[in-house]
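S.K.: Before I ask anything, here is the structure I am working with.
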Amino acid sequence: MTDFSPQLSRITAICHGFGNKSALLSHALEPYRASQPNKKQVHGTRIVDVIAPEQECGEADGLYTTQAGILLTVLTADCLPVIFSHRQGKGIAVVHAGWRGLLEGIILKMIERIARDDDPADWVAAIGPAARSCCYEVNEELVEQFANRLPLAKNIITPRFRHLNLAAIAEHQLRGAGIHQVDRVGGCTICTTVPDEEDTSQHHFKYTSFRRTSQQQAIDPTHPSIKGRNQYSGLIILP
């Protein structure tokens, strides 16, 4: 089942969804697939204004538009997908925030872009499925980078030893920069499972996860890779 944000679902001028392994793009967004801008995500902080369907955006990890009929999406596996909408659907945005982008401030840069047109308090954000702190273990050096560079309590950044809480960091950045309505949607991309539709006694992983795959390959080198199976998160101002 596709994941949806309760707050974004109340905005009738837009359509949105967060994909998973069984539906990489939400079925509700499929009719608009061809309108997507073309971009290359590079774990950076560049944000592009989209003014036309199928726009060539180059390297970009954030997209913003006030134009109806253009589907904005980001591809993620374990990174954070964050989607934004004005409360009346006058504008929308998407961000791909891996740990690099989050540390370098891509969420704050997107809010700066929003603030050029609107009061961020009039916007809603939803943080989608990603590696959660239950499973996202990193080295101590990376934890210290976050602790030294971000003005957040260390227990927010790392609630468990060497485990980063990317969603909590993103939510604090959003609220601190003026977007107060924030949903967290979906589960941990590494460990979340769902019952098999045909045999509910069996469970399978709900999301694509590069980190889980790497862990499985470390145990069994013959375990297959997952190229091209990222899930889409996105939204559109309805035409």
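Position in the sequence shown (first residue = 1) + 253 = the working numbering. Think of the CB as a built atom: it goes at the ideal place given N, C-alpha and C, for glycine as much as any other residue. Only a predicted model underlies this, so the values are computations on that prediction, with no experimental measurement involved.
So, with DSSP's three-state summary, where would you put PHE458?
M.R.: strand
S.K.: Got a sec? Which residues, its chain only, sit under 7 Å from TYR460 by beta carbon, not counting five neighbours each side?
M.R.: ASN273, LYS274, PRO382, THR442, THR445, GLN484
S.K.: Alpha carbon to alpha carbon, what distance is there between LEU261 and TRP376?
M.R.: 10 Å
S.K.: Let me confirm a value: PRO404 is counted as buried when at least 16 other C-beta atoms fall within 10 Å, else exposed. Which label applies?
M.R.: exposed
S.K.: If we call anything under 8 Å between Cβ atoms a contact, is ILE364 one with ALA471?
M.R.: no
S.K.: Might you give, ordered along the chain, the residues of its own chain that have their beta carbon closer than 7 Å to the beta carbon of ARG413, omitting 5 neighbours on each side?
M.R.: For ARG413, the CB contacts under 7 Å within the same chain, skipping 5 residues up- and downstream, are SER386 in chain order.
S.K.: Is the number of C-beta pairs between the region 393-403 and the region 330-338 that are closer than 8 Å three or more?
M.R.: no
S.K.: List the DSSP bridge partners of TRP352.
M.R.: For TRP352, which the question treats as bridged, DSSP gives no partner whatsoever.
S.K.: In the DSSP assignment, find the unbroken alpha helix (DSSP H) run with THR466 in it and report its ends.
M.R.: 463-472
S.K.: Can the beta-carbon of ASP372 be found closer than 8 Å to that of GLY344?
M.R.: In this structure, GLY344 does not lie closer than 8 Å to ASP372 by Cβ.
S.K.: Near SER478, what residues of its chain come up, given a Cβ to Cβ distance below 8 Å and the 5 sequence neighbours on each side ignored?
M.R.: THR466, GLN470
S.K.: Report the CB separation of GLY354 from ASP302 in whole angstroms; it is logged as a contact under 8 Å.
M.R.: With a Cβ gap of about 18 Å, GLY354 and ASP302 do not count as contacting.
S.K.: Mark ASP256 as exposed unless 16 or more other C-beta atoms lie within 10 angstroms of its C-beta, in which case mark it buried.
M.R.: buried
S.K.: Of all the options ILE490, ILE380, LEU316, which has the alpha carbon lying nearest to the alpha carbon of ASN418?
M.R.: ILE380
S.K.: Whose C-beta lies closer than 7 Å to the C-beta of GLY358 among residues of the same chain, with five residues either side of it excluded?
M.R.: Excluding sequence neighbours, GLY358 sits near THR298.
S.K.: Pick out whichever of VAL447, TRP352, GLN468 has its Cα sitting closest to the Cα of PHE458.
M.R.: VAL447
S.K.: Am I right that LEU325 and ILE489 are in contact with their C-beta atoms under 8 Å? What's the rounded C-beta distance?
M.R.: 7 Å
S.K.: Distance, Cα to Cα, ALA420 vs HIS296?
M.R.: 16 Å
S.K.: Any chance you could list the beta strand (DSSP E) runs of at least 3 consecutive residues sitting entirely within the region 321-385, in chain order?
M.R.: 325-329, 333-339, 345-350, 376-380
S.K.: Taking buried to mean at least 16 other C-beta atoms within 10 Å of its own C-beta, is LEU427 buried or exposed?
M.R.: buried
S.K.: Is SER275 helix, strand or coil when you go by DSSP?
M.R.: coil
S.K.: Judging by CA-CA distance, which residue of GLY322, ALA321, ASN291, HIS456 is the nearest neighbour of GLU307?
M.R.: For the residues GLY322, ALA321, ASN291, HIS456, the minimum Cα distance to GLU307 belongs to ASN291.
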